[in-house]
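Working notes, structure below.
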Amino acid sequence: MVNNMVKLTPEVKEVIQNQNPLPIATADKNGKPNVIFVGMWKFIDDETIMIVDNFFKKTANNLKENPKLSIVGYNGESKKSYQIKGSVDYLDKGDRFEEAKSLAESKKLPGKGVVIFHIEEVYDSVYGPHAGEQIA
Ligand SMILES: Cc1cc2nc3c(=O)[nH]c(=O)nc-3n(C[C@H](O)[C@H](O)[C@H](O)COP(=O)(O)O)c2cc1C
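Just so we're aligned, residue 869 is where the sequence shown starts under this note's numbering, counting upward by one.
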């Protein structure tokens, strides 16, 4: 179930856009956490990110059991950091899947599926007085 989605401000989007590789955290149905890096992903719009599943194992299993995701980004120059949480749809057919598959195949990767990440919460996560504050 997707809760209320939020649009990222240009400031937040810039930090996430430049976070490479991007860490992706999931959890299984018992809450056991798992974090991975992804490099093949893009913004669909200001409230949605697509991530290509080429090698997911625990991540794919977790997203089936518990379709929630968290990411974090940090820009060392601007000293900004944001943490984002949301819900996902995992697709292995349809237009978005075909787009992901083409992207993967252009890099000779399998493109097994695509995660559509709907952004629901944004937190300031830089060190200092505002650390952990929810901003959207
Ligand atoms: C720099 C880097 C980029 C990666 N990019 C992707 C990616 O875009 N898609 C993907 O499926 N796996 C990617 N991986 C592999 C995952 O990080 C991870 O190894 C894989 O999902 C298996 O872990 P899991 O069992 O926790 O899911 C990348 C790994 C690294 C180190």
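All C-beta atoms in this analysis are idealised placements derived from N, C-alpha and C, irrespective of residue type, glycine included.
**Request:** For I1003, name the three-state secondary structure that DSSP assigns.
**Result:** coil
In whole angstroms, what is the alpha-carbon distance linking T927 and P891? 12 Å
Whole-angstrom Cβ separation of I952 and I904, contact assumed at under 8 Å? The pair is not a contact, with the Cβ atoms about 16 Å apart (cut-off 8 Å).
Q. What number of angstroms, rounded off, separates the C-alpha of M918 from the C-alpha of A999?
A. 27 Å
Subject >> Minimum length 3: unbroken beta strand (DSSP E) runs contained in the stretch 958-997 >> reply: 981-992
Original post:
Which residues in the same chain have their Cβ closer than 7 Å to the Cβ of V906, if we skip the five residues on either side of it in sequence?
Top reply: P889, L890, I892, I919
Query raised in the report: Is DSSP giving L876 helix, strand or coil here?
Result: coil
- prompt: Is the beta carbon of V956 sitting closer than 7 Å to the one on V983?
  reply: yes
Checklist entry - Among E967, Y950, L971, which residue has its Cα nearest to the Cα of Y995? => result Y950
Residue from K947, L971, P997 with nearest C-alpha to N886:
K947
Query raised in the report: Any heavy atom of ligand 1 closer than 6 Å to the CB of V982?
Result: no
For N929, which three-state DSSP category applies? helix
Report task. Taking P891 as part of the beta strand (DSSP E), name the residues at either end of that continuous run. Result -> 890-895
Alpha carbons only, please: which of E967, Y991, D896, E933 is nearest the one belonging to F911? E967
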